[in-house]
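Notes for the one structure printed next.
2 protein chains.
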Amino acid sequence: MRAEATEAPLAALAAGGKLAFARALARVEEAPFASDTVALLQAAWERPRGVAIGLTGPPGVGKSTLASALVAAWRRLGRTVAVLAVDPSSPRTGGALLGDRTRLALDPEDEGVFVRSLAARDRLGGVAALCFPMLVLARALFDRVLIETVGVGQSETEIVDLADVVVLAVQPASGDTLQFLKAGIAEIPDIAVVTKADLGLVAERSARELEAALALAAPWAHRRPSVLRVAASRGEGIEALLAVLEERASQAAQRDPDRRRRQAERWVLRELEAEALRRLLRNLEHALAPIADRPFAGAAAMLAELDRLLPERQS
Amino acid sequence: MRAEATEAPLAALAAGGKLAFARALARVEEAPFASDTVALLQAAWERPRGVAIGLTGPPGVGKSTLASALVAAWRRLGRTVAVLAVDPSSPRTGGALLGDRTRLALDPEDEGVFVRSLAARDRLGGVAALCFPMLVLARALFDRVLIETVGVGQSETEIVDLADVVVLAVQPASGDTLQFLKAGIAEIPDIAVVTKADLGLVAERSARELEAALALAAPWAHRRPSVLRVAASRGEGIEALLAVLEERASQAAQRDPDRRRRQAERWVLRELEAEALRRLLRNLEHALAPIADRPFAGAAAMLAELDRLLPERQS
Numbered sequence: 195m196r197a198e199a200t201e202a203p204l205a206a207l208a209a210g211g212k213l214a215f216a217r218a219l220a221r222v223e224e225a226p227f228a229s230d231t232v233a234l235l236q237a238a239w240e241r242p243r244g245v246a247i248g249l250t251g252p253p254g255v256g257k258s259t260l261a262s263a264l265v266a267a268w269r270r271l272g273r274t275v276a277v278l279a280v281d282p283s284s285p286r287t288g289g290a291l292l293g294d295r296t297r298l299a300l301d302p303e304d305e306g307v308f309v310r311s312l313a314a315r316d317r318l319g320g321v322a323a324l325c326f327p328m329l330v331l332a333r334a335l336f337d338r339v340l341i342e343t344v345g346v347g348q349s350e351t352e353i354v355d356l357a358d359v360v361v362l363a364v365q366p367a368s369g370d371t372l373q374f375l376k377a378g379i380a381e382i383p384d385i386a387v388v389t390k391a392d393l394g395l396v397a398e399r400s401a402r403e404l405e406a407a408l409a410l411a412a413p414w415a416h417r418r419p420s421v422l423r424v425a426a427s428r429g430e431g432i433e434a435l436l437a438v439l440e441e442r443a444s445q446a447a448q449r450d451p452d453r454r455r456r457q458a459e460r461w462v463l464r465e466l467e468a469e470a471l472r473r474l475l476r477n478l479e480h481a482l483a484p485i486a487d488r489p490f491a492g493a494a495a496m497l498a499e500l501d502r503l504l505p506e507r508q509s
Numbered sequence: 195m196r197a198e199a200t201e202a203p204l205a206a207l208a209a210g211g212k213l214a215f216a217r218a219l220a221r222v223e224e225a226p227f228a229s230d231t232v233a234l235l236q237a238a239w240e241r242p243r244g245v246a247i248g249l250t251g252p253p254g255v256g257k258s259t260l261a262s263a264l265v266a267a268w269r270r271l272g273r274t275v276a277v278l279a280v281d282p283s284s285p286r287t288g289g290a291l292l293g294d295r296t297r298l299a300l301d302p303e304d305e306g307v308f309v310r311s312l313a314a315r316d317r318l319g320g321v322a323a324l325c326f327p328m329l330v331l332a333r334a335l336f337d338r339v340l341i342e343t344v345g346v347g348q349s350e351t352e353i354v355d356l357a358d359v360v361v362l363a364v365q366p367a368s369g370d371t372l373q374f375l376k377a378g379i380a381e382i383p384d385i386a387v388v389t390k391a392d393l394g395l396v397a398e399r400s401a402r403e404l405e406a407a408l409a410l411a412a413p414w415a416h417r418r419p420s421v422l423r424v425a426a427s428r429g430e431g432i433e434a435l436l437a438v439l440e441e442r443a444s445q446a447a448q449r450d451p452d453r454r455r456r457q458a459e460r461w462v463l464r465e466l467e468a469e470a471l472r473r474l475l476r477n478l479e480h481a482l483a484p485i486a487d488r489p490f491a492g493a494a495a496m497l498a499e500l501d502r503l504l505p506e507r508q509s
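Below is the structure:
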């Protein structure tokens, strides 16, 4: 882990190795707006060292195997890598979706690879709210930051609010193609990967369907996602994926120079909104009771109260 | 259209017929918190005359045909009916999903049936935010209020925030069963209807799959949704559906006496939150610019500003 950042807190962090980085991530998770954290994050945001790659796809598609293969390939190229593996859970059942998440097969002694699992379950705002500041910090210290998240519900779309490059993993013959089209997800990935390409004809047909679907969904040819076949367990297709990934990574800032600024702005505004709302409701708590009894009349009274706190126009 | 409500604005409305009701709905849509609207809605909420039935399901399942058959059946029973047909649109494309929505086949001269189409597209908060106050008004004036909405994305779950009884329509052999289980939707409907039951064996298999899926998803047997087969175009199964529907409708208030209060409270709080947030952002507008340049440092400054507007504790 090396750091080119010149500012003091970042340099100290870079010198501290993986343990210091793990502590800093915990601090960012706990208090992203504390003054020390804000200073660190602002410095990190101004000095991105690497590129953030989002890897998403349905449960069981083989994301962890793919992630392990990518990390190993990056290490062979001499790149440092941080992995943030996010485990979103069903908001309905509250249970974990990934009880037995396959562990990444990595060398724990390697100072050039950092892995952290994150539970997004109790976090309002989901994956993006949780990950964004950690990603900013990781991107200032590592060459590649891989955010791995299960594609359920909103998390596929949230990954766009986080990553510089998005990879979508698709299972052969899973009917995922149709689902992606339905959900409008085809607009999202930079790269689509059909996993388990050792399934031969089935995988090939899925890849062709995906290409056809993406061509329909993404008429802007220059932005159309690349479709690749990978059999990660055999190592097949990883080099080709890596080549496309590195090419996209090197173009990321150039293709959309404003993307990181927009992501940061969205994250900050969402966090501020949540905090503002929390305070507002606390300030209005005494006016809530009438709403249970007389909802519409109570709402009118509460709007009057709101007028007092936040007038329509303020000097 | 008769009204038992004793309060003046409701009585006047009931005497005005469908035209007056249409005008009142438009006023509610436009200004739900204006003092005249609030008085009307509060009176309507305190005097529910009928029962609100939500009808949802994927596009093409035959909801409009089913709705027409139900309305005709209710009219034969002498019940007055209001239909609110909501057209949510994809937030991604902005286009309408139901360009050629099948019109309900109803007698326009019948004063006992009112139909209104609603576009939820431009409405933040979606179907529930738009419909709830209109439903409250309709429920005070009609025996049955049918809210028809396409089941895409969140709208299936939103219908629970609106209706007293929820009917989910499912297409035979559509793979919907699996989707419902995935999305946790199986917890929602009071009644599940397999449409196009004239498809014979295919429809029968879908109904059995649905029953099995619901039994898995809803272990609480007393709350398990009924599964019915309907071929609305031939009128088959409508009487059986109507019988179950009327039974559920008559039990609605008794099974869950707090449901309407919770729905009203949720709607009011969501609307107030949206309004509060809008005002807050307007009040903080001058502090937004630094966030684009220095997102994290800017956020800290904005939190300080927020402290001034809404202190953590206020007397």
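Just so you know, the sequences run in chain order F and U. Everything in the first sequence is counted per my numbering, starting at 195 for the first residue and increasing by one. Everything in the second sequence is counted per my numbering, starting at 195 for the first residue and increasing by one. Every residue gets a Cβ at the ideal spot worked out from N, C-alpha and C, and that includes glycine. Since we're looking at a predicted model, the values are computed, not measured.
In this structure, what does DSSP give as the bridge partners for residue i?
i, result
"Ser-420/F", "Ile-385/F"
"Ser-311/U", "Ala-279/U"
"Pro-338/U", "First, the residue type needs correcting, since residue 338/U is Arg and not Pro in the sequence shown. Per DSSP, Val-245/U, Val-275/U."
"Gly-251/F", "Val-344/F"
"Val-361/F", "Leu-249/F, Ile-385/F"
Start and end of the alpha helix (DSSP H) containing residue i?
i, result
"Ala-279/U", "No alpha helix (DSSP H) contains Ala-279/U, which is instead part of the beta strand (DSSP E) from 275-281."
"Gly-211/U", "211-224"
"Leu-568/U", "Summary: the structure shown does not reach residue 568/U, with chain U confined to residues 195 through 509, and so no result is reported for it."
"Asp-230/F", "229-240"
Does the separation of the CB atoms of residue i and residue j fall below 9 Å?
i, j, result
"Ile-341/F", "Ala-323/F", "no"
"Leu-219/F", "Ala-332/F", "yes"
"Gly-272/F", "Phe-336/F", "no"
"Arg-310/U", "Ala-276/U", "yes"
"Thr-250/U", "Val-396/U", "no"
"Val-387/F", "Phe-490/U", "no"
"Ala-470/U", "Leu-478/F", "yes"
"Pro-366/F", "Leu-393/F", "yes"
"Ile-432/U", "Ala-228/U", "no"
"Leu-466/F", "Ala-493/U", "yes"
"Ala-486/F", "Arg-455/U", "yes"
"Val-438/F", "Glu-430/F", "no"
"Leu-278/U", "Val-354/U", "no"
"Ala-334/U", "Leu-204/U", "yes"
"Arg-476/F", "Glu-440/U", "no"
"Val-280/F", "Val-321/F", "yes"
"Val-344/U", "Pro-252/U", "yes"
"Leu-504/F", "Arg-488/U", "no"
Excluding five sequence neighbours on each side, which residues of the same chain lie with their C-beta closer than 7 Å to the C-beta of residue i?
i, result
"Glu-175/U", "With chain U represented from 195 up to 509, any question about residue 175/U goes unanswered, as that position is not in the structure."
"Gly-256/U", "Ala-363, Thr-389, Lys-390, Ala-426"
"Ala-434/F", "Leu-422"
"Arg-460/U", "Asp-355"
Report all residues from its chain with a CB closer than 6 Å to the CB of residue i; omit the five preceding and five following residues, and keep chain order.
i, result
"Val-421/U", "Ala-386, Ala-401, Leu-404, Glu-405"
"Pro-383/F", "Val-360, Leu-362, Pro-419"
"Ala-267/F", "Ile-432, Leu-436"
"Thr-296/U", "Note on Thr-296/U: pLDDT 40, under 50, position unreliable in the model; no value is reported."
"Ala-519/F", "Since the first and last residues shown for chain F are 195 and 509, residue 519/F lies out of range."
"Asp-452/U", "none"
Take residue i and list the residues in its own chain whose beta-carbon comes closer than 8 Å to its own, dropping the five residues that flank it on each side.
i, result
"Gln-457/U", "Phe-326, Asp-355, Leu-356"
"Leu-235/U", "Val-222, Pro-226, Pro-327, Val-330, Leu-331"
"Arg-270/F", "none"
"Ala-443/F", "Val-245, Ile-247, Arg-338, Asp-358, Val-359"
* Residue ranges of each alpha helix (DSSP H) within the segment 402-488 of chain F, 4 or longer -> Taking only runs of at least 4 residues, the alpha helix (DSSP H) segments lying wholly in the segment 402-488 of chain F are 432-449, 453-477, 483-487.
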